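Contents: one structure, followed by commentary.
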Amino acid sequence: MQIREIMTRDVEVVPFDAAVKDAAAKMKQLDIGAIPVCDGQKLTGVLTDRDIAVRLAAEGRNPSDTRVSEIMTKDLFYCFEDQDVEEAATVMEAGQIRRLPILDQDRQLVGIVSLGDISVRSDDKEAAAEALEGISEPAAPKR
């Protein structure tokens, strides 16, 4: 089964040059902990609630004056819409992420797939279970 068959289309995004205050308000309104960041349809990053806590609040930065591009996660994990669901689960496990941006062949954002999508909407329950196990493992502490 290909990712395009189970992904969510019409993904909510924030522009890379938006104020963090506005992006956080949108995340609150949508009740989500992560949102893709785009320049047009080009995915440039992902803003997470952890980015806001660690790179904004903990550093005492002003959310009205700080741009999303300054604190977003730039090292992205993603898949293409024609890849298999099992491949997406493997990428999610490797990156310890629960939501994966999906790109088309022009590298434009066309959807997002969640661990829940894989477990509920795909035929590959084993891939979802393995991904959940990998995502749930604590990261090694930095020394």
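In the working numbering, the protein residues as written are 1229 to 1371. By construction, the Cβ of each residue, glycine as well, lies at the ideal position given by its N, Cα and C atoms. The structure presented is a predicted model; accordingly, all values stated were derived computationally and were not measured.
Straight-line gap, residue i to residue j (C-alpha atoms, nearest Å)
{"i": "alanine 1189", "j": "glutamate 1309", "result": "In the structure as shown, the chain begins at 1229 and stops at 1371. Residue 1189 is therefore absent and cannot be evaluated."}
{"i": "lysine 1254", "j": "isoleucine 1330", "result": "21 Å"}
{"i": "aspartate 1293", "j": "valine 1348", "result": "40 Å"}
{"i": "arginine 1327", "j": "cysteine 1266", "result": "16 Å"}
{"i": "glutamine 1269", "j": "arginine 1237", "result": "13 Å"}
{"i": "aspartate 1259", "j": "glutamate 1233", "result": "24 Å"}
{"i": "isoleucine 1346", "j": "glutamine 1257", "result": "25 Å"}
{"i": "arginine 1283", "j": "phenylalanine 1244", "result": "15 Å"}
{"i": "glycine 1344", "j": "glycine 1261", "result": "15 Å"}
Other residues of its chain near residue i: CB distance less than 6 Å, five sequence neighbours each side excluded
{"i": "glutamine 1311", "result": "Ile1231"}
{"i": "glycine 1285", "result": "Per the sequence shown, residue 1285 should be read as alanine rather than glycine. None."}
Beta-carbon gap between residue i and residue j smaller than 8 Å
{"i": "valine 1239", "j": "isoleucine 1299", "result": "no"}
{"i": "leucine 1337", "j": "valine 1241", "result": "yes"}
{"i": "methionine 1235", "j": "glycine 1339", "result": "yes"}
{"i": "alanine 1251", "j": "isoleucine 1263", "result": "yes"}
{"i": "methionine 1229", "j": "valine 1313", "result": "yes"}
Chain-order list of residues whose beta-carbon lies under 7 Å from that of residue i (same chain, five-residue window excluded)
{"i": "arginine 1371", "result": "Low confidence applies to arginine 1371: its pLDDT is 49, below 50, so where it sits in the model is not reliable enough to give any reading."}
{"i": "serine 1342", "result": "Arg1326, Arg1327"}
{"i": "aspartate 1279", "result": "Ile1299, Met1300, Thr1301"}
Cβ shell of residue i (< 8 Å), same chain only, five flanking positions each side left out
{"i": "arginine 1335", "result": "Lys1270, Leu1271"}
{"i": "aspartate 1332", "result": "Phe1308, Glu1309, Val1338"}
Does the region 1264-1278 come close enough to the region 1304-1324 to have 3 or more Cβ pairs within less than 8 Å? yes
Touch test, the region 1312-1320 against the region 1280-1297, Cβ-Cβ under 8 Å, three pairs minimum: no
With a floor of 4 residues, list each alpha helix (DSSP H) that falls wholly inside the region 1256-1320, ordered by position along the chain. 1296-1299
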